[in-house]
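K.L.:
In our numbering, the protein residues as written are 85 to 639.
I am attaching a structure below and will ask some questions about it afterwards.
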Ligand SMILES: *Cc1c(COP(=O)(O)O)cnc(C)c1O
C-alpha cells in the first residue's frame, strides 16, 4: 500500500481543508489514484476551521473569518487512536475517514487527523484547527501530528504493509523520522546506524513544490527539542542543517529514495537549489472528471466515451466540430456570467473577449501586470475589440503586499469601468475555480519566472478548451505551442522586467489573441480544440499518477 501525506488536501467544495495549488494537486492525485485502483490511503489534518473565508469591502480590503466545516457530517470517525508527545504532554489523536471513490468503484480512504479530544489539554485540542495558522511553534506541532501521528494512526488501523510513504512537500517529513524511531524501538536501540537510515529510505518518496528557499519550513534545534524532546534519531540522521535548523525539505530529501519536482523546469531549478541530491521531475496534472464543465463533459461523452477512465481519449478533441465546441463553451461562459451577476451585480457581455486570472494573491504572481499601462489597455480594447477581465484570489492573512494588490486591482477596476469591464470575485475556492477556468475565453498567467513551480489552473482551462496566455514558466514551458495551444508572453528568460513583460503581454493581445477571437473565430476554435487534444490529454493526474507508479511507487 501507498500512504500519501499532505498538510492540505482539496477533495470537495464543502471540505475546505486547502489553501491552493498544493491541496488541489493532492486532491486530484487521490481521485486519480482511486480511478486507477491504486492501493492507497491518504493522510491530512482535520483543519476544522479550514483556511479562511475571504471577505472584501468595496475598496478591496480583505478581512478573514474562520471557515469551519462539518467533519461529523461529511466523514466517519474511525476507532483508531494514537498519541504523540508534544512539550512533554501526551497529545491524543483520532482519525476521521472519507472514502474517495474512483470511476471503476475502487476506494482511496482519506484520513483527517484530529486532536479535538476531551483527554487533551485545551491548547492541544486546537492544534488541528487552523490550516497554515499560528506561529512557528504551532506549525511544528501540526507537522508532528501529521508526520508522526499519521504513521501511528495508520499502524493503529492495522496498516503494517505500507511499502511507500509519499511526502507531498516537507510538512510531513517527520513521518520519516517516525519510521526511524519505529525501527529503533523495535530493535531496542538508542543509536541510529546507516543500515536503518538506508532501510527507511527505501520506503519514502518526496515531492517538492517550492522554487524559493524561503518557502521551505525550518525550525531551530532548541524549538524542536522543546516541542518534540531530544531524540537520537533526529540528532543523528541529518535532519538538522548547517545552521542548526530542522529543515523539513532536507529532512525529507535525506530520507527519500526518490525526489521529484512538479514540472520539467522546476526539476532543473530544484537540482540547482539542492545540489547533491538526485531530483527528477513529474509534471503536474489535473483530475479531468472534476474540472471538465458539464457542457464539455457531455460533448466528450458523445465524441470520446470512456474519457474519464482513459484521459488520453481527449486527443480526439480535434475531431469535435467547431460549432459544437463553441456551443459548449458559450454555455460554460453563460454559467460564469450568471454567477458574476448574482455575486456582484455586474452584467458582463457574453460576446466580449473575457480574460480570467485567479490564484493566490502575492507579489511574485504579478496580478497587476495586465494593469501596468491602463492607457494602452484601453486603446487596445477600443481599437481591436472589447476586453473583460475576471479576477479572484485570496491573500494569505499575513501577506500585506498580497492584500494591497487586491486593493490596487479594485481601484484599477473602478478606473476602467465602461471601457474595460472587470470584476473581482471573492472566495476563490474549488467551485469558483471550476467555473472560471471553464467560463472565460483565455486564461492569463503572469508570474515572475522561475517562481511558478508548475501551476495547474491553466491545465483545468485547457481541458475545457480555454487556451492560456502566459509567461513561459512552470507547466506552460511544456504546454505552450505558440498559436496552437495558446500564446507565450515573452521568451525563456528569467530576468524580471515588469515594463518589458507588460509590453509583451499587450503586444500579444493586440497582434494574436484579439485578432483571432474577433476576426477569425474558426482559427480561435482550432486553438481551443488543440488545448483539449494536446494539453487536456497530457496534463492530467491520470498520466501523472501512472508516472508516480513507475518512478516513485514501484520504481
Ligand atoms: C486549481 C486551483 C488552484 C491552483 O492553481 P494555480 O494555477 O497553481 O494557481 C488554486 N486554488 C484553487 C481554488 C484552484 O481551483
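Don't be surprised by glycine CBs; every beta carbon is placed ideally from N, CA and C.
Quantities reported herein were computed from a predicted structural model and do not represent experimental measurements.
In chain order, what residues of the same chain lie with their CB nearer than 7 Å to the CB of residue 161, ignoring the 5 residues before and after it?
P.N.:
178 and 180, listed in sequence order.
K.L.:
Going by other Cβ atoms of all chains shown within 10 Å of its Cβ, with 16 needed for buried, is residue 105 buried or exposed?
P.N.:
With 16 or more Cβ atoms within 10 Å of its Cβ, residue 105 is classed as buried.
K.L.:
With DSSP run on the structure shown, which of helix, strand or coil describes residue 336?
P.N.:
It is helical.
K.L.:
Which full runs of the alpha helix (DSSP H) of 4+ residues lie inside the stretch 452-539, going along the chain?
P.N.:
Counting whole runs of 4 or more residues, the stretch 452-539 contains the alpha helix (DSSP H) stretches 458-467, 484-500 and 514-523.
K.L.:
In its own chain, which residues sit with a C-beta less than 7 Å from the C-beta of residue 491, not counting the 5 before and 5 after it?
P.N.:
For residue 491, where only same-chain residues beyond five positions count, the Cβ hits under 7 Å are 143, 144 and 145.
K.L.:
Tell me which same chain residues have a C-beta within less than 7 Å of the C-beta of residue 138, skipping the five on either side of it?
P.N.:
146, 148, 478, 510 and 511, listed in sequence order.
K.L.:
For residue 116, which of helix, strand or coil comes out of DSSP?
P.N.:
Three-state DSSP puts residue 116 in a helix.
K.L.:
Pick out the complete beta strand (DSSP E) segments inside the stretch 375-459, 3 residues or longer, and give them in chain order.
P.N.:
Listed in chain order, they are 437-442.
K.L.:
I believe residue 552 touches residue 570 by the beta-carbon criterion, under 8 Å. Please report the beta-carbon distance rounded to the nearest angstrom.
P.N.:
Sure, about 4 Å apart at Cβ, within 8 Å.
K.L.:
So for residue 587, helix, strand or coil by DSSP?
P.N.:
Of the three classes helix, strand and coil, the one that applies to residue 587 here is helix, per DSSP.
K.L.:
Going by DSSP, what residues sit across from residue 194 in a beta bridge?
P.N.:
According to DSSP, residue 194 bridges with 126 and 182.
K.L.:
Does the distance from the CB of residue 337 to the CB of residue 330 come in under 7 Å?
P.N.:
It is not a contact, given that the beta carbons lie outside the stated cut-off.
K.L.:
For the beta strand (DSSP E) that residue 250 lies in, which residues bound it at each end?
P.N.:
Note, residue 250: beta strand (DSSP E), 248-252.
K.L.:
Would the stretch 465-473 and the stretch 531-551 be scored as touching if the rule is three or more Cβ pairs under 8 Å?
P.N.:
Result no; under three Cβ-Cβ pairs closer than 8 Å.
K.L.:
Who does residue 344 pair with in a DSSP beta bridge?
P.N.:
According to DSSP, residue 344 bridges with 291 and 364.
K.L.:
With C-beta atoms as the reference, is residue 312 less than 7 Å away from residue 240?
P.N.:
No, Cβ-Cβ distance for residue 312 and residue 240 is not below 7 Å.
K.L.:
Decide if residue 188 is buried, meaning its Cβ has at least 16 other Cβ atoms within 10 Å, or exposed.
P.N.:
Exposed is the call here.
K.L.:
Using a Cβ-based criterion (distance less than 6 Å to any ligand heavy atom), does residue 512 qualify as near ligand 1?
P.N.:
The answer is yes for residue 512.
K.L.:
Spell out the partners DSSP gives residue 603 in its beta bridges.
P.N.:
In DSSP, residue 603 forms no bridge with anything.
K.L.:
Using a Cβ-Cβ cut-off of 6 Å (strictly less than) and excluding sequence neighbours within five positions of residue 53, which residues of its own chain qualify?
P.N.:
Any property of residue 53 remains undetermined from this structure, which presents the chain solely from 85 to 639.
K.L.:
Please determine whether the Cβ atom of residue 540 lies at a distance below 6 Å from any heavy atom of ligand 1.
P.N.:
Checking every heavy atom of ligand 1 against the Cβ of residue 540, one is found closer than 6 Å.
K.L.:
Does DSSP classify residue 638 as helix, strand or coil?
P.N.:
Of the three classes helix, strand and coil, the one that applies to residue 638 here is coil, per DSSP.
K.L.:
Measure how close the beta-carbons of residue 537 and residue 558 come, nearest whole angstrom, since I'm counting them as under 8 Å.
P.N.:
Confirmed, Cβ separation roughly 6 Å.
K.L.:
Among 372, 617, 535 and 328, whose alpha-carbon lies nearest the alpha-carbon of residue 307?
P.N.:
Considering only alpha carbons, the answer is 328.
K.L.:
Ligand 1 and residue 423: does any heavy atom of the ligand fall closer than 6 Å to the residue's C-beta?
P.N.:
Residue 423 Cβ: outside cutoff for every heavy atom of ligand 1.
K.L.:
Within 6 Å: the Cβ of residue 132 and any heavy atom of ligand 1?
P.N.:
Flag unset: Cβ of residue 132 not near ligand 1.
K.L.:
Between the stretch 282-302 and the stretch 232-250, do at least 3 Cβ pairs fall closer than 8 Å?
P.N.:
The stretch 282-302 is in contact with the stretch 232-250.
K.L.:
Out of 268, 219 and 502, state which residue places its alpha-carbon closest to the alpha-carbon of residue 466.
P.N.:
Checking every option, the nearest Cα to that of residue 466 belongs to 502.
K.L.:
Excluding the 5 residues flanking residue 592 on each side, which residues of the same chain have their C-beta closer than 7 Å to its C-beta?
P.N.:
The answer, listed in chain order, is 553, 571 and 573.
K.L.:
Under a three-way DSSP split, which group does residue 276 fall into?
P.N.:
It is coil, neither helix nor strand.
K.L.:
Indicate whether residue 534 and residue 295 have their beta-carbon atoms separated by less than 7 Å.
P.N.:
Yes; because the gap between Cβ atoms is below 7 Å, this pair is in contact.
K.L.:
Which stretch, first to last residue, makes up the alpha helix (DSSP H) that contains residue 305?
P.N.:
Taken as a continuous stretch (DSSP letters only), the alpha helix (DSSP H) holding residue 305 covers 305-312.
K.L.:
If contact is defined by three or more beta carbon pairs under 8 Å, each pair taking one atom from either stretch, is the stretch 620-633 in contact with the stretch 115-123?
P.N.:
Touching, per the Cβ criterion.
K.L.:
Taking 6 Å as the cut-off, is the beta-carbon of residue 440 closer than that to any non-hydrogen atom of ligand 1?
P.N.:
No, the Cβ of residue 440 stays beyond 6 Å of every heavy atom of ligand 1.
K.L.:
How would you call residue 112, buried or exposed, if buried means at least 16 neighbouring beta carbons within 10 angstroms?
P.N.:
With 16 or more other Cβ atoms within 10 Å, it is buried.
K.L.:
Inspect the beta-carbon positions of residue 529 and residue 542 and report whether they are closer than 7 Å.
P.N.:
Cβ distance < 7 Å, so residue 529 and residue 542 count as in contact.
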